[in-house]
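Chemist: Input: one structure, supplied below.
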Amino acid sequence: MTEKRKTERQSFAPGALTAPLPPVLVTVGDMDEANIITIAWTGILATIPPKTYISVRPTRHSYKMLKERGEFVINLPSASLAKQVDYAGIYTGAKVDKFEKCGFTKVDSKELEAPTIAECPIALECSITDILPMGSHDVFLADIVSVSCREDILEDGRICYDKADLLAYAHGEYFALGEKLGKFGFSTDKQKSAKPEPKREEGKRGDEKKPEGNKRSEKTALEKPAHPNDSPKKKPHRGQANPPMPKAKKRGKRPFGKVEKSSIRRGK
Ligand SMILES: Cc1cc2nc3c(=O)[nH]c(=O)nc-3n(C[C@H](O)[C@H](O)[C@H](O)COP(=O)(O)O)c2cc1C
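Residues in the sequence shown are numbered from 39 upward in steps of one, following the working numbering.
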């Protein structure tokens with residue numbers, strides 16, 4: 039029998055400890071009556087069709103609203119909105135108007151009745167397809183039916199994540215994102231000819247004024263394709279990190295309503 043290798047690592051009981059996670063502000067309801075719930079149990083399930091999920095405890099005030107409405111908006115907050123994110127994850131919409139308390143502005147979503155939060159740089163409009171019980175939480179699977187962003191974070195038709203300055207969450211603590219380290223595919227030699235990214239001044243983040251000087255090299259770097267395959271000759275491929283945003287097609291309004299029982303898959 040082989041002996042177990044000695045390790046310096048410490049083991050813990052099983053726990054939900056992946057990090058960093060996006061602590062998102064999920065809006066549900068309509069322009070007249072809407073609620074916000076902070077959700078960290080979220081992510082992407084598929085690229086085509088674009089599928090996401092949120093895991094929600096049935097005890098949340100938002101849970102019933104989500105079930106009834108069949109739709110929600112995932113609003114991605116900037117680091118500057120950390121306090122509002124925390125607040126929306128502590129207080130219940132059954133007792134307070136979180137839009138008012140957080141000082142948020144409701145704007146019409148493109149496809150849904152649930153409002154988008156104007157202050158959030160990026161928003162994903164989601165239509166619920168299934169609800170899966172998963173122990174403490176129920177998972178709301180959803181199609182992403184539209185994406186919007188604030189105009190100030192767009193650059194050449196691409197969402198510029200530097201400018202979005204998104205908030206991260208890791209096991210009970212909030213963080214701002216650090217320095218950009220590279221782009222999708224930067225480990226391949228295709229990227230060798232590309233000029234290095236302009237170095238950020240310590241402590242500076244995307245929404246702050248860029249350091250003076252070396253404006254030429256900064257401009258050149260910003261004009262570089264976002265991906266090694268994203269040159270005028272080559273078509274961008276599916277896996278590229280941040281392709282130019284496709285133009286939104288007009289989508290007929292869907293009669294959103296209660297999620298039908300038949301579409302609610304019960305676990306084994
Ligand atoms: C950072 C953070 C992440 C959270 N993530 C979740 C989550 O993924 N699922 C969930 O059910 N509750 C989560 N919560 C708790 C709810 O946001 C919280 O209970 C909220 O007050 C419920 O609001 P509601 O009663 O208006 O629906 C989180 C709270 C915080 C602060």
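A virtual CB, placed ideally from N, CA and C, is assigned to each residue, including glycine.
1) Which same chain residues end up closer than 6 Å to GLU157 when comparing Cβ atoms and leaving out the 5 residues on each side of it in sequence?
2) How should GLY53 be labelled, buried or exposed, when 16 other C-beta atoms within 10 angstroms of its C-beta is the threshold for buried?
3) Is it true that the region 106-122 meets the region 201-210, where meeting means three or more beta-carbon pairs spaced less than 8 Å apart?
4) Check for me: the alpha helix (DSSP H) holding SER100 runs from which residue to which?
5) Would you report the Cα separation of ALA57 and TYR212, rounded to the nearest angstrom?
6) Please return the same chain residues whose Cβ sits closer than 8 Å to the Cβ of ASP124, not counting the five positions on each side in sequence.
7) Please report the Cβ distance between SER100 and VAL64, rounded to the nearest whole angstrom; I am assuming they are in contact, meaning their Cβ atoms lie under 8 Å.
8) Go through its chain and collect everything with a Cβ distance to THR97's Cβ below 8 Å, but skip five positions before and after it.
9) Exposed or buried, what is PRO61 when buried is set at 16 or more other beta-carbons lying within 10 Å of its beta-carbon?
10) May I ask you to list the residues that DSSP assigns as paired with LYS89?
11) What three-state label does DSSP hand GLU138 in the structure shown?
12) In its own chain, which residues sit with a C-beta less than 6 Å from the C-beta of PRO88, not counting the 5 before and 5 after it?
13) Can we say the region 69-83 touches the region 123-139, given the rule of at least three CB pairs closer than 8 Å?
14) Could you give the distance in angstroms between the alpha-carbon of PHE178 and the alpha-carbon of GLU151?
Modeler: According to the data block:
1) Cβ neighbours of GLU157 beyond the five flanking positions: PHE142.
2) Flag for GLY53 reads exposed.
3) Segments in contact, yes.
4) From DSSP, the alpha helix (DSSP H) with SER100 extends over 99-107.
5) A straight-line Cα-Cα distance of about 11 Å links ALA57 and TYR212.
6) Excluding five sequence positions before and after ASP124, the CB atoms of its chain that fall closer than 8 Å to its own CB belong to THR76, TYR212, given in chain order.
7) That pair is a contact at about 7 Å.
8) For THR97, same chain residues with a beta-carbon under 8 Å away, outside a window of 5 residues either side, do not exist.
9) So PRO61 ends up on the buried side.
10) The partner list for LYS89 (beta bridge, DSSP) reads ALA84, ASP181.
11) If DSSP states are grouped into helix, strand and coil, GLU138 belongs with the helices.
12) Cβ neighbours of PRO88 beyond the five flanking positions: ILE182.
13) Yes, the region 69-83 touches the region 123-139.
14) In this structure, the straight-line span from the alpha carbon of PHE178 to that of GLU151 is close to 18 Å.
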